[in-house]
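All residue numbers in the sequence shown are consecutive under the working numbering, ending with 540.
A virtual CB, placed ideally from N, CA and C, is assigned to each residue, including glycine.
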Amino acid sequence: MSFGLTNAPAFFMYMMNSVFMNELDKFVVVFLDDILIYSKDEKEHEEHLRIVLTRLREHKLYAKFSKCAFWLKEVGFLGHILSKKGVAVDPSKVECVQNWKQPKTVIEIWSFLGLAGYYRRFIKDLSKTAKPMTSLTKKNARYLWSPNCKEAFQSLKKSLTTAPVLAHPDITKPFEVYCDASGNGLGCVLMQEGRVVAYASRQLRNHEANYPTHDLELAAVVHALKIWRHYLLGNTCNIYTDHKSLKYIFTQPELNMRQRRWLELIKDYDLEIHCHPGKANVVADALSRRAHSNVLEVQPTARIEMPTEQLAELYNLIIELTIKEQIITAQKLDKRACFTLDDQGVLWFKNRLVVPKNMELRKKILDEAHTSMFTMHPGSNKMYQDISKNFGRPREIAKYVSKCDVCQRVKADHLKPAGMLQPLALPT
Numbered sequence: 113m114s115f116g117l118t119n120a121p122a123f124f125m126y127m128m129n130s131v132f133m134n135e136l137d138k139f140v141v142v143f144l145d146d147i148l149i150y151s152k153d154e155k156e157h158e159e160h161l162r163i164v165l166t167r168l169r170e171h172k173l174y175a176k177f178s179k180c181a182f183w184l185k186e187v188g189f190l191g192h193i194l195s196k197k198g199v200a201v202d203p204s205k206v207e208c209v210q211n212w213k214q215p216k217t218v219i220e221i222w223s224f225l226g227l228a229g230y231y232r233r234f235i236k237d238l239s240k241t242a243k244p245m246t247s248l249t250k251k252n253a254r255y256l257w258s259p260n261c262k263e264a265f266q267s268l269k270k271s272l273t274t275a276p277v278l279a280h281p282d283i284t285k286p287f288e289v290y291c292d293a294s295g296n297g298l299g300c301v302l303m304q305e306g307r308v309v310a311y312a313s314r315q316l317r318n319h320e321a322n323y324p325t326h327d328l329e330l331a332a333v334v335h336a337l338k339i340w341r342h343y344l345l346g347n348t349c350n351i352y353t354d355h356k357s358l359k360y361i362f363t364q365p366e367l368n369m370r371q372r373r374w375l376e377l378i379k380d381y382d383l384e385i386h387c388h389p390g391k392a393n394v395v396a397d398a399l400s401r402r403a404h405s406n407v408l409e410v411q412p413t414a415r416i417e418m419p420t421e422q423l424a425e426l427y428n429l430i431i432e433l434t435i436k437e438q439i440i441t442a443q444k445l446d447k448r449a450c451f452t453l454d455d456q457g458v459l460w461f462k463n464r465l466v467v468p469k470n471m472e473l474r475k476k477i478l479d480e481a482h483t484s485m486f487t488m489h490p491g492s493n494k495m496y497q498d499i500s501k502n503f504g505r506p507r508e509i510a511k512y513v514s515k516c517d518v519c520q521r522v523k524a525d526h527l528k529p530a531g532m533l534q535p536l537a538l539p540t
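In structure tokens:
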């Protein structure tokens, strides 16, 4: 692998996404080696399980049964509890927050804010609530734990341990976005059918403090569109703001360069801006005006008993002979003299597995060493080294690589390019 193991997680994530490309975001969510399958009812879930296990079998990927959990009503995934009610914070991950001691160094502040930031979608005023603490992390700032810092610390601890349950977004239905801005920051709320999907807020940057009110309110809208782009792009959404002039942003004759740039971004969305009085826009108004880890193992919390017949069908899906088992079977059918036979009946030549003269089996080995998702089309030399460690030394590797269509199309030619043509001297 290029650059050693540095890119291993990214490449493994790419491989898993490629395996489940047709099922992603339909009924499958994948994060590294964690696969989450969701369905509307038991019958649909059974079919989804069958598809996922079949896809794993086709790509020679295996799921350890002891680490699998089936037919759950509620599941822990990436620090969250997922159920039909919505998305909630995993209590086991935030229970330590109640006994979290007061930070005494900048590193301890970042550690606490890192945990709070992971669950920022559940906390409606995170950025501005944490401002007294984040001010201590600035360069050359004096570390002085003030009463404001203590209040912010206790407020964040309470917010983490009492976080609400957020609704699952439905991309087939319109969204509502409530935005507001003040001299302290920007706040916005994503809602659908009266239920909160996510909160978002951030502090104002130094130069943004000089923006006029119109630009600040527009900045809040742009911030919401950017942070929830994956929900809003391509879907209908209604933007609610307490700044009435934003309703006419699309027809205003004179705009400054900043407003023109933001207007180009807004036009990518299917949205309509509505005026919402500040007193009615309670949540987003509060967001803008208040004072300034590892993949989790799935924990089953509720189970449905699965009939034995269905379990038997699932077992049959994952039963298939590996390449090693196919080689052992082919060895038993090969009538040539054996070199070394171990206790399991496997034929070895020195420390390498003997591959009989079975062209179909040899081609499977070559395919596995060259075109699988783990090998990335190596050259003939690298492929020879990989195969010779475990098997005999087939002579057709170079010929196999030379016939690979992908390698011939994509890989650069390492031959020295021909020089420019030189004219021949004319005879006299």
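Asked: Would you be able to state if there are at least three C-beta pairs under 8 Å between the region 292–301 and the region 325–332?; Found: yes
Asked: Taking the alpha-carbon positions, what's the Val201 to Lys243 distance?; Found: 23 Å
Asked: Can you tell me the Cα-Cα spacing of Gly297 and Ala122, whole angstroms?; Found: 35 Å
Asked: To the nearest angstrom, how far is it from the Cα of Arg373 to the Cα of Glu366?; Found: 13 Å
Asked: What are the boundary residues of the alpha helix (DSSP H) that includes His374?; Found: At residue 374 the sequence reads Trp, which differs from the His that was named. Trp374 -> alpha helix (DSSP H) spans Met369 to Ile378.
Asked: Just verifying my parser: in three-state terms, what is the DSSP assignment at Gln304?; Found: strand
Asked: Put Cys180 into one of helix, strand or coil per three-state DSSP.; Found: coil
Asked: Hey, how far is the Cα of Lys197 from the Cα of Glu159?; Found: 23 Å
Asked: Skipping 5 residues on each side, what residues in its chain have a beta carbon closer than 7 Å to that of Phe177?; Found: none
Asked: Could you spell out where the beta strand (DSSP E) holding Gly188 opens and where it closes?; Found: Val187 to Phe189
Asked: Would Thr274 be called buried (16 or more neighbouring beta carbons within 10 Å of its own) or exposed?; Found: exposed
Asked: Across which residues does DSSP place Ala310 in a beta bridge pair?; Found: Leu302
Asked: In three-state terms, what does DSSP make of Val394?; Found: Here the model assigns Val394 a pLDDT of 45, short of 50, so the residue's position is not dependable, and the following value carries that caveat. Correct three-state label for Val394: helix.
Asked: Relative to the C-alpha of Leu144, which candidate in Lys185, Tyr150, Phe189 and Asp153 has its C-alpha closest?; Found: Phe189
Asked: If we count the other Cβ atoms within 10 Å of its Cβ and call it buried at 16 or more, is Val518 buried or exposed?; Found: exposed
Asked: So, helix, strand or coil for Cys516, using DSSP?; Found: coil
Asked: Excluding five sequence neighbours on each side, which residues of the same chain lie with their C-beta closer than 8 Å to the C-beta of Asn502?; Found: Arg464 and Leu465
Asked: If we count Cβ pairs, one from each stretch, closer than 8 Å, do we get three or more for the region 298–312 versus the region 260–269?; Found: no
Asked: Using 10 angstroms around the beta-carbon of Arg474, count the other beta-carbons present and answer buried if the total reaches 16, otherwise exposed.; Found: buried
Asked: Start and end of the alpha helix (DSSP H) containing Glu135?; Found: Per DSSP, Glu135 belongs to no alpha helix (DSSP H) and is neither H nor E.
Asked: When burial is assigned at 16 or more other CB atoms within 10 Å of the CB, is Val522 buried or exposed?; Found: exposed
Asked: Using the Cα positions of Lys179 and Ile163, report the straight-line distance between them to the nearest angstrom.; Found: 19 Å
Asked: Hey, how far is the Cα of Thr118 from the Cα of Ala175?; Found: 24 Å
Asked: How should Ile351 be labelled, buried or exposed, when 16 other C-beta atoms within 10 angstroms of its C-beta is the threshold for buried?; Found: buried
Asked: Using the C-alpha atoms, what's the distance from Arg167 back to Gln520?; Found: 29 Å
Asked: Opposite Glu384 in the DSSP bridges: which residues?; Found: Asn350
Asked: I need the boundaries of the beta strand (DSSP E) containing Leu148, first residue and last residue.; Found: Asp146 to Ile149
Asked: Helix or strand or just coil, what does DSSP make of Trp257?; Found: coil
Asked: Candidates Phe132, Asp454, Val218 and Lys138: which alpha carbon is nearest Asn252's?; Found: Val218
Asked: Can you tell me whether DSSP reads Leu161 as helix, strand or coil?; Found: helix
Asked: Could you spell out the range, first to last residue, of the beta strand (DSSP E) harbouring Leu459?; Found: Leu459 to Phe461
Asked: From Val458 to Met495, what does the alpha carbon distance come to, in whole angstroms?; Found: 24 Å
Asked: Considering just the uninterrupted stretch of the beta strand (DSSP E) at Ser195, what are its terminal residues?; Found: His192 to Ser195
Asked: Less than 8 Å between the CB atoms is what I'm expecting for Tyr311 and Ile193, so what's the real figure, rounded?; Found: Incorrect: roughly 18 Å between the Cβ atoms, too far for contact.
Asked: Label Asp354 either buried or exposed according to how many other C-beta atoms from any shown protein chain fall within 10 Å of its C-beta, with 16 as the threshold for buried.; Found: buried
Asked: Gln438 by DSSP, collapsed to three states: which one?; Found: helix
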